[in-house]
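Here the working numbering is used: the first residue of the sequence shown is 250, the next is one more, and so on. Structure, as structure tokens:
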Amino acid sequence: MSHNLTRRAARKSLAKFKAKLGDADEVGHLNITAMMDMMSILLVFMLKQFAAEQASMNVSEALQLPKSSSTQQFTQQVNVTVSTTAIIVEGEALVSVRAGAVDPGAKRDGPSGYYITPVVDTLQKHANRLKKIGLMGGGKFEGTLLLLVDRSIPYRLVTEVLYSAGQAEFRNYRLVVLSKGG
250 MSHNLTRRAA RKSLAKFKAK LGDADEVGHL NITAMMDMMS ILLVFMLKQF
300 AAEQASMNVS EALQLPKSSS TQQFTQQVNV TVSTTAIIVE GEALVSVRAG
350 AVDPGAKRDG PSGYYITPVV DTLQKHANRL KKIGLMGGGK FEGTLLLLVD
400 RSIPYRLVTE VLYSAGQAEF RNYRLVVLSK GG
């Protein structure tokens, strides 16, 4: 059963149908500007909150930190742990440590070098990430490293880690120690 409509009747029918649907481009009950303002405020708040949180550290039983009487508080940085078994950056073991030294194959300049390639590469990734977060949150990258070192580690290995961190733009260091009181 086909309906034969005149061109005029078809246009009239189509106009009525469009009027029932309303204007698809216009949403009268939703204020997008206010919603975007709210989302921007939430984003800034969350970025600032993320940057202000204290660092949580999982200290293994194999790592014995030195003691200190300092009461200075610290903020969120990149955590680097030098234990008797490995160098760990943000929970990721990068290089094994044997007898207080890293494998010479992990160093760019051989056994007498200070540049530990896996440490530099990983810290550069973290530096780039922190720079991006700083740009989004209105802050700046300070290049601060939180260093947890076992008290039995030789000073040579500590200087190798600090040199490698310096090559990845981490120029400020904070050494983590245990309070003498407990």
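From the three backbone atoms N, C-alpha and C, an ideal C-beta is built for every residue, glycine too.
Among the options, the one whose alpha carbon lies nearest that of residue i
i: VAL425; options: PHE419, VAL410, VAL407, LEU396; result: LEU396
i: ALA342; options: PRO353, GLY354, TYR404, ASN328; result: ASN328
i: LYS316; options: ARG420, ALA414, ILE365, ARG400; result: ARG400
i: GLU310; options: VAL398, VAL410, SER361; result: VAL398
i: THR333; options: PRO353, GLU339, LEU312; result: LEU312
i: VAL331; options: THR282, LYS374, VAL410, ARG257; result: VAL410
Rounded Cβ spacing between residue i and residue j (contact assumed at less than 8 Å)
i: ALA414; j: LEU372; result: 6 Å
i: PRO360; j: PRO367; result: With 8 Å as the limit, PRO360 and PRO367 do not qualify as a contact, their Cβ atoms being about 16 Å apart.
i: VAL369; j: ALA417; result: 5 Å
i: LEU270; j: ILE382; result: With 8 Å as the limit, LEU270 and ILE382 do not qualify as a contact, their Cβ atoms being about 46 Å apart.
Burial state of residue i (16 or more Cβ within 10 Å)
i: LYS389; result: exposed
i: THR408; result: exposed
i: LEU291; result: exposed
i: LEU384; result: exposed
i: LEU394; result: buried
i: LYS356; result: buried
i: THR255; result: exposed
Chain-order list of residues whose beta-carbon lies under 7 Å from that of residue i (same chain, five-residue window excluded)
i: ALA335; result: ALA342, VAL344, SER345, VAL346
i: GLY349; result: ILE402, PRO403, LEU406
Cβ shell of residue i (< 6 Å), same chain only, five flanking positions each side left out
i: VAL293; result: none
i: TYR412; result: TYR363
i: LEU263; result: none
Other residues of its chain near residue i: CB distance less than 8 Å, five sequence neighbours each side excluded
i: PHE419; result: VAL327, LEU372, ALA376, GLY392, THR393, LEU394
i: ASP358; result: TYR364
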